[in-house]
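Undergrad: Per this note's numbering, the sequence shown starts with residue 24, numbered consecutively. Backbone N, C-alpha and C define an ideal beta-carbon position, used for all residues, glycine too. Before I ask anything, let me first share the structure, which is written out below as structure tokens.
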Amino acid sequence: MNNIDPRGIKNVNFSLGDETDKREPEWKAQRLTRGFDDTELWSLDCTIAKFIAPRLKAFKEQAEQIEDHPGNITFQEWKGILEQMIEGFEIYPDHFHWSAEDSDANWRKVDKAFSLFHKWFFNLWN
């Protein structure tokens, strides 16, 4: 799928469908009525990671502009936490393709990212 929604907007569609699939009209209708289609549920974990990563990136950029951070840590620490979260959420969707040699390192990054996301979730506001 080309990550363009039925209205032509880029980067809002995480559909795994193929435009040639006979179910595409149904999926298109689902995207128009509820904002996502059933194909996003095939690997919901990956869909969620793909949704979160670019938003964390934009959040970090915005935080850098105003040097916003939780009061109990420094801005540099906050920036590092956000970078670790971003890295983990970006690499997670490719976990089916990790080679044996990078699997352990990637899982550690993903595990750290998810732990940090859980710990700092209520601080994700600017």
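Note down the Cα distance separating LYS45 from ILE96, rounded to an integer number of angstroms.
TA: Locating residue 45 in the sequence shown gives position 22, where the first residue counts as 1. Locating residue 96 in the sequence shown gives position 73, where the first residue counts as 1. For LYS45 and ILE96, the distance between alpha carbons rounds to 52 angstroms.
Undergrad: Please go through the region 107 to 142 and give each complete alpha helix (DSSP H) segment of 4 or more residues, from N-terminal end onward.
TA: If we require 4 residues or more, the region 107 to 142 turns out to have no alpha helix (DSSP H) run fully inside it.
Undergrad: Drop a sphere of 10 angstroms on the beta-carbon of ASN36, count the other beta-carbons inside from all chains shown, and report buried for 16 or more, exposed for fewer.
TA: The residue labelled residue 36 in the question sits at position 13 within the sequence shown. Under this definition ASN36 is a buried residue.
Undergrad: According to DSSP, is GLY103 helix, strand or coil?
TA: Reading the sequence shown from its first residue, position 80 is the one you call residue 103. It is helical.
Undergrad: Please report the distance separating the alpha-carbon of MET24 from that of ARG78.
TA: On the sequence shown, position 1 is the one that residue 24 refers to. On the sequence shown, position 55 is the one that residue 78 refers to. The pLDDT assigned to MET24 is 46, lower than 50, so where the model puts this residue is not dependable, and the model offers no usable value.
Undergrad: Please classify HIS92 as buried or exposed, where buried requires at least 16 other C-beta atoms within 10 Å of its C-beta.
TA: On the sequence shown, residue 92 is found 69 positions in, with the first residue counted as 1. So HIS92 counts as buried.
Undergrad: Pick helix, strand or coil for PHE82, following the three-state DSSP scheme.
TA: Position 59 of the sequence shown holds residue 82. Residue state, collapsed to three classes: helix.
Undergrad: Between the C-alpha atoms of LYS83 and LYS132, what's the straight-line distance to the nearest angstrom?
TA: The residue labelled residue 83 in the question sits at position 60 within the sequence shown. The residue labelled residue 132 in the question sits at position 109 within the sequence shown. Going by the C-alpha atoms only, they are around 18 angstroms apart.
Undergrad: Check whether the Cβ atoms of ALA136 and GLN107 sit closer than 8 angstroms, and answer yes or no.
TA: The residue given as residue 136 occupies position 113 in the sequence shown. The residue given as residue 107 occupies position 84 in the sequence shown. Going by C-beta atoms, ALA136 is nearer than 8 angstroms to GLN107.
Undergrad: Of the choices PRO48, TYR115, TRP130, LYS142, whose alpha-carbon is the least far from that of ALA72?
TA: Counting from 1 along the sequence shown, the entry for residue 72 is found at position 49. The candidate whose alpha carbon is nearest that of ALA72 is TYR115.
Undergrad: Measure the CB-CB distance between TRP12 and LEU105 and report whether it falls below 8 angstroms.
TA: Residue 12 lies beyond the stretch modelled for the chain, which goes from 24 to 149, so this question has no answer here.
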